[in-house]
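Protein chains in written order, with the numbering used here: chain H, 140 to 252; chain Z, 2 to 114. We treat Cβ as the ideally placed atom computed from N, Cα and C, and that holds for glycine. Remarks on the structure that follows.
So this is what it looks like as structure tokens:
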């Protein structure tokens, strides 16, 4: 049973528009959430994170929103660029074992020029 | 610049062979991880290590073992490779601080025939 879910395997967005990637989790012990980005033939790279004490964290074009009551988070990319085309993994960890991170299955984003 | 290297990008082995995957990091990180990435399943943790000669089982350790004799090197061993171990294997490292992001290597695509 997956503790971190990304129900959309893929997403296509026009260049310049907003990309919204969604993630749901089941474990209420999770209190730290991360997004990683992965290009083909490369390892994932850290993108942005959010602690459960916040409901929003922003870094340039990337914003992560956290809704603890719904156990849901989302990554917004505005404006989307062709170089954003990649697989995005949502990940979560718990205070009791921060080093152990649980990853979702990933969403493949295609930004169309 | 942060660097995690993996010994091979592509590897083809026969069923029953013993397989060694090597990972080296140059960041003096305490923590090292081995994941496998499969379509629709995301990254699943096989083993991780907090320190030299220390190891902890992840979510899917069956059929694998690990070795960490030096801080910078973490090896994944498939004792007797099977076709269901065909996958992308990713190594990562992180500092042993709460909320430390993980740095990934480029991955090894292993095919077992």
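Apart from the five residues just before and just after residue 96/Z, which ones in its own chain have a Cβ nearer than 6 angstroms to its Cβ?
30
On the DSSP bridge list, what partners appear for residue 55/Z?
BP columns for residue 55/Z are empty, so no partner.
What is the residue span of the beta strand (DSSP E) that residue 203/H lies within?
201–206
Only counting runs of 3 or more residues, tell me where the beta strand (DSSP E) segments fall wholly within the region 18–88 of chain Z, in order along the chain.
20–26, 32–39, 43–50, 65–71 and 74–79
Around the Cβ of residue 192/H, are there at least 16 other Cβ atoms within 10 angstroms (buried) or fewer (exposed)?
exposed
Along chain H, in chain order, which residues have C-beta atoms closer than 9 angstroms to that of residue 107/Z?
180, 181 and 182
Just checking my contact of residue 162/H with residue 145/H at CB under 8 angstroms: how many whole Å lie between their CB atoms?
5 angstroms
Here's a check: name, in chain order, each residue in its chain whose Cβ is nearer than 7 angstroms to the Cβ of residue 108/Z, leaving out the five neighbours to either side.
7, 89, 90 and 91
CB contact below 9 angstroms: residue 241/H versus chain Z:
yes
Quick one: grab the DSSP three-state call for residue 114/Z.
coil
Report the rounded CA-to-CA distance for residue 210/H versus residue 173/H, giving the unit in angstroms.
14 angstroms
Residue-chain proximity (residue 169/H, chain Z), Cβ-Cβ < 9 angstroms:
no
Can you list, in chain order, the residues of its chain with a C-beta nearer than 8 angstroms to that of residue 73/Z? Leave out the 5 residues immediately preceding and following it.
25, 26, 27 and 29
Taking a contact to mean a Cβ-Cβ separation below 9 angstroms, would you say residue 227/H touches residue 247/H in this structure?
yes
Quick one: grab the DSSP three-state call for residue 223/H.
helix
Taking C-beta pairs closer than 7 angstroms, name the residues in chain Z that residue 245/H reaches, listed in chain order.
43
Rounded to whole angstroms, what's the CA-CA distance from residue 245/H to residue 43/Z? Just pull it up for me.
6 angstroms
Own chain, CB closer than 7 angstroms to residue 148/H, minus 5 neighbours either side, in chain order:
246 and 247
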